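Each protein sequence line maps, in turn, to chains A and B.
First residue of the first sequence? That's 1 in our numbering, and the numbers climb one at a time after it.
First residue of the second sequence? That's 115 in our numbering, and the numbers climb one at a time after it.
All residues carry an ideal CB built from backbone N, CA and C; glycine is no exception.
Keep in mind that this is a model prediction, so the values were computed, not measured.
Report on the structure given below.
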Amino acid sequence: EAQVTQNPRYLITVTGKKLTVTCSQNMNHEYMSWYRQDPGLGLRQIYYSMNVEVTDKGDVPEGYKVSRKEKRNFPLILESPSPNQTSLYFCASSLLGQNSYEQYFGPGTRLTVT
Amino acid sequence: GQNIDQPTEMTATEGAIVQINCTYQTSGFNGLFWYQQHAGEAPTFLSYNVLDGLEEKGRFSSFLSRSKGYSYLLLKELQMKDSASYLCAPCSNDYKLSFGAGTTVTVRA
């Protein structure tokens with residue numbers, strides 16, 4: 001089954017404790033992206049990647065890191081989480097091409113930083 | 115970021131038609147996505163418009179005017195399951211995506 005998976009789905013952590021949220025897709029998609037969603041603010045893009053070893057900042061990259069060492073994986077790293085990073089995070093992937101822009105979203109990761 | 119404006123809420127009755135407007139200001143514009151998101155779930159893709167004009171997909175249609183920075187999503191023959199948030203998202207030429215805050219559509223019996 002074609003899908004985007006994220007782990008963990010729920011996480012409660014403390015300020016300053018490094019964490020990684022994994023994202024994996026099995027559709028051989030070039031494009032992968034991370035978003036956070038907060039009430040009243042909608043979805044905001046954190047980072048995106050157009051292929052292996054190619055990453056770019058979205059609208060809200062501060063406090064986050066990503067890597068794209070393999071095509072299928074795009075982990076989101078919070079080196080020193082802070083309470084303002086409490087949010088719902090979505091990973092998404094898609095093909096790149098004239099008629100292949102449909103993005104598939106993962107189920108989301110709800111992160112709470114205390 | 116990009117200035118994206120869409121109404122916060124809309125209410126309609128079952129069987130009716132709803133038009134959700136979206137205006138945007140984007141440099142290096144490539145196309146515009148519409149997504150549907152039910153509460154507590156991930157967004158699901160509805161459409162991606164690159165060229166001007168109307169694209170129809172069953173009960174849902176999407177329109178784009180590149181020169182006016184304007185798009186709309188048309189929902190016909192509304193059903194209760196269409197109650198959701200609808201997200202407008204312009205995409206730049208370097209594949210950077212920005213989402214509007216979303217329009218919550220409530221369908222009443």
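* Asked: List, in order along the chain, the chain B residues whose C-beta lies closer than 8 Å to that of A:Tyr-10?
  -> What A:Tyr-10 touches in chain B, judged by beta-carbon distance under 8 Å, is nothing: the nearest beta carbon there is about 12 Å away.
* Starting from A:Leu-41, follow the beta strand (DSSP E) in both directions and report where the run begins and ends. => Per DSSP, A:Leu-41 is not a residue of any beta strand (DSSP E), being assigned neither H nor E.
* To do: Taking B:Thr-140 as the reference, give the member of B:Leu-188, B:Cys-205, B:Ile-131 and B:Gly-216 with the closest Cα.
  => The residue with the shortest Cα to Cα distance from B:Thr-140 is B:Cys-205.
* Asked: Looking only at C-alpha atoms, which of B:Trp-148, B:Pro-121, B:Ser-197 and B:Met-124 sits nearest to B:Val-164?
  -> Of B:Trp-148, B:Pro-121, B:Ser-197 and B:Met-124, the residue nearest in Cα terms is B:Trp-148.
* What are the boundary residues of the beta strand (DSSP E) that A:Phe-74 is part of? -> A:Phe-74: not part of any beta strand (DSSP E); DSSP gives it neither H nor E.
* C-beta atoms of B:Met-194 and B:Val-219 nearer than 8 Å -> Contact: no.
* Asked: Who are the Cβ neighbours of A:Leu-131 in its own chain at under 6 Å, not counting the five residues just before and after it?
  -> Absent from the model: residue 131 of chain A. The displayed extent of chain A is 1 to 114, so no value can be given.
* Are there 16 or more other CB atoms within 10 angstroms of the CB of B:Gly-115, so buried, or fewer, so exposed? -> In this prediction, B:Gly-115 has a pLDDT of 47, which is less than 50 and means its spatial position is unreliable; what the coordinates show is noted afterwards. Residue environment: B:Gly-115 is assigned as exposed (fewer than 16 neighbouring CB atoms within 10 Å of its CB, all protein chains considered).
* Asked: Between B:Ser-185 and B:Cys-136, is the Cβ-Cβ spacing less than 8 Å?
  -> Yes, the Cβ-Cβ distance between B:Ser-185 and B:Cys-136 is below 8 Å.
* **Extent of the continuous beta strand (DSSP E) to which A:Ile-12 belongs** => Per DSSP, A:Ile-12 is one residue of the beta strand (DSSP E) stretching across 10-13.
* **DSSP bridge partner residues for A:Ser-93 (one or two, in chain order)** => A:Met-32 and A:Tyr-104, per the DSSP bridge assignment.
* Would you say B:Ala-215 reaches chain A, if we count a Cβ-Cβ gap shorter than 8 Å as a contact? -> Yes, because at least one Cβ of chain A sits closer than 8 Å to the Cβ of B:Ala-215.
* Provide the residue span of the beta strand (DSSP E) that contains A:Leu-19, from first to last. => Per DSSP, A:Leu-19 belongs to the beta strand (DSSP E) from 19-25.
* **Cβ-based neighbour list, A:Phe-105, same chain, cut-off 7 Å, excluding 5 preceding and 5 following** => Within the same chain, and ignoring the five residues on either side of A:Phe-105 in sequence, the residues whose Cβ sits closer than 7 Å to its Cβ are Val-4, Phe-90 and Ala-92.
* **Closer than 7 Å at the beta carbon, the chain B residues around A:Pro-61** => Ordered by position in chain B, no residue passes the 7 Å Cβ test against A:Pro-61, which lies about 11 Å from the chain.
* Is any beta-carbon of chain B found at less than 8 Å from that of A:Leu-90? -> The amino acid occupying residue 90 of chain A in the given sequence is Phe; Leu does not appear at that position. Using a Cβ-Cβ cut-off of 8 Å, A:Phe-90 counts as an interface residue toward chain B, since at least one Cβ of chain B sits closer than that to its own.
* To do: Starting from the C-beta of B:Gly-216, find all residues in its chain whose C-beta is less than 6 Å away, skip the five residues before and the five after it, and write them out in chain order.
  => Apart from sequence neighbours up to five positions away, the residues of its chain that approach B:Gly-216 with a beta-carbon distance below 6 Å are Ser-199 and Leu-201, ordered along the chain.
* Asked: In its own chain, which residues sit with a C-beta less than 8 Å from the C-beta of B:Asn-207, not counting the 5 before and 5 after it?
  -> Excluding the 5 residues flanking it on each side, B:Asn-207 has same chain C-beta neighbours closer than 8 Å at Gly-142, Phe-143 and Asn-144, in chain order.
* Asked: Does any residue of chain A bring its CB to less than 8 Å from the CB of B:Phe-159?
  -> At least one CB atom of chain A sits nearer than 8 Å to the CB of B:Phe-159.
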